[in-house]
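Per my numbering, the sequence shown runs over residues 9 to 235. Here a beta-carbon is modelled for each residue, glycine too, at the ideal position from N, C-alpha and C. Worksheet: one structure, shown below.
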Amino acid sequence: MTTSGVITLAGLALPETGPLRRHVRPAGRRTALYQERYDRRTLLYDAVRLPEGGALLTTPRLLNLWPMLRDGLRRDGAPLPRSTMRRRVYLRCEQITLTGPVEGVGLEIDGCVHRLPLRDSGASGFAGKRVLMAVNKDNALDWIADWARFHAVRHQAEAVLLFDNGSQSYTPQDAVARLSAVAGIAHAVVVSAPFPYGPADRGGRFDVPPRFFQSAMLNLARREFLT
């Protein structure tokens with residue numbers, strides 16, 4: 009019997025009035041595509057309770073926004089001690105592990121405290137299974153089902169973790185239903201993550217890459233779902 013479900017990443021976006029993430033390219037090299045798609049407002053993709061305790065925050069590259077997040081974290085209104093935060097900075101994204109109690113944790117921005125949208129971990133359903141993972145947006149459902157079926161037959165895949173980046177032609181529930189019908193797939197989860205994907209054009213050699221989303225989702229899978 010296939011178990012399945014949809015997990016929605018609530019995330020947190022900054023207001024258009026700022027503060028905003030700084031640009032990673034100088035003004036003279038900001039193409040029209042870059043200007044249209046660079047994500048200046050997403051502060052947080054996900055906040056998840058870890059089975060061993062604490063929580064994992066997954067973010068785009070914070071850059072100039074790190075002090076605001078670090079200093080704005082609160083537990084029941086009191087500043088969160090820096091000793092309870094462990095920050096990992098990757099090329100395109102970041103992850104912050106919070107230790108200790110996480111209930112009542114929020115983030116203060118411009119005097120307003122936003123409660124972190126903590127969810128429970130989805131790791132247990134994937135434990136011990138051969139898992140297919142991908143980031144998807146509007147690929148045909150027939151194609152997705154054929155992809156899962158091929159790997160179930162040829163490579164004994166048993167589970168699918170699909171990050172859906174805001175598909176418009178079907179819902180995450182539609183995708184889960186199709187994956188659940190594939191023989192051999194015992195566990196299927198679609199993670200609804202409708203955040204900006206970022207510009208795909210080529211930047212300078214020493215630029216911070218401006219496309220944060222895909223790397224963040226792969227690191228979230230590594231640190232939580234498929235740990």
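By Cβ distance, which residues of its chain are closer than 8 Å to residue i, with the 5 residues on each side in sequence left out?
| i | result |
| --- | --- |
| A160 | E166, V190, A191, G192 and I193 |
| G133 | T11, A167, H195 and V197 |
| H163 | R138 |
Classify residue i as buried or exposed, calling it buried when 16 or more other Cβ atoms lie within 10 Å of its own Cβ.
| i | result |
| --- | --- |
| P23 | exposed |
| G26 | exposed |
| R213 | exposed |
| E60 | exposed |
| S177 | exposed |
| F220 | buried |
In the DSSP assignment, find the alpha helix (DSSP H) that holds residue i and state where it starts and stops.
| i | result |
| --- | --- |
| S188 | P180 to S188 |
| L52 | It is not in any alpha helix (DSSP H) - L52 instead sits in the beta strand (DSSP E) that spans T50 to L52. |
| L149 | L149 to H163 |
| L71 | Careful: L71 lies outside any alpha helix (DSSP H) and carries neither H nor E. |
| E44 | A40 to R45 |
In three-state terms, what does DSSP make of residue i?
| i | result |
| --- | --- |
| V32 | coil |
| F171 | strand |
| S12 | strand |
| A208 | coil |
| R57 | strand |
| A224 | helix |
| L17 | coil |
| A191 | coil |
Looking only at its chain, what residues have a beta carbon closer than 7 Å to the beta carbon of residue i, apart from the 5 residues adjacent to it on each side?
| i | result |
| --- | --- |
| D209 | T39, L41 and Y42 |
| L2 | In this structure the chain extends from 9 to 235, so residue 2 is not present and cannot be described. |
| R186 | L149, I152 and A153 |
| R96 | E102 and Q103 |
With respect to the beta strand (DSSP E) encompassing residue i, which residues constitute its N-terminal and C-terminal limits?
| i | result |
| --- | --- |
| A200 | One point to set straight first is that residue 200 is Ser, not Ala, in the sequence displayed. Note, S200: beta strand (DSSP E), H195 to S200. |
Starting from the C-beta of residue i, find all residues in its chain whose C-beta is less than 6 Å away, skip the five residues before and the five after it, and write them out in chain order.
| i | result |
| --- | --- |
| R127 | V56 |
query = What runs of the beta strand (DSSP E), each 3 residues or longer, lie entirely inside the region 73-143?
reply = Those beta strand (DSSP E) runs which fall completely within the region 73-143 and span 3+ residues are 81-83, 93-97, 101-106, 113-117 and 120-123.
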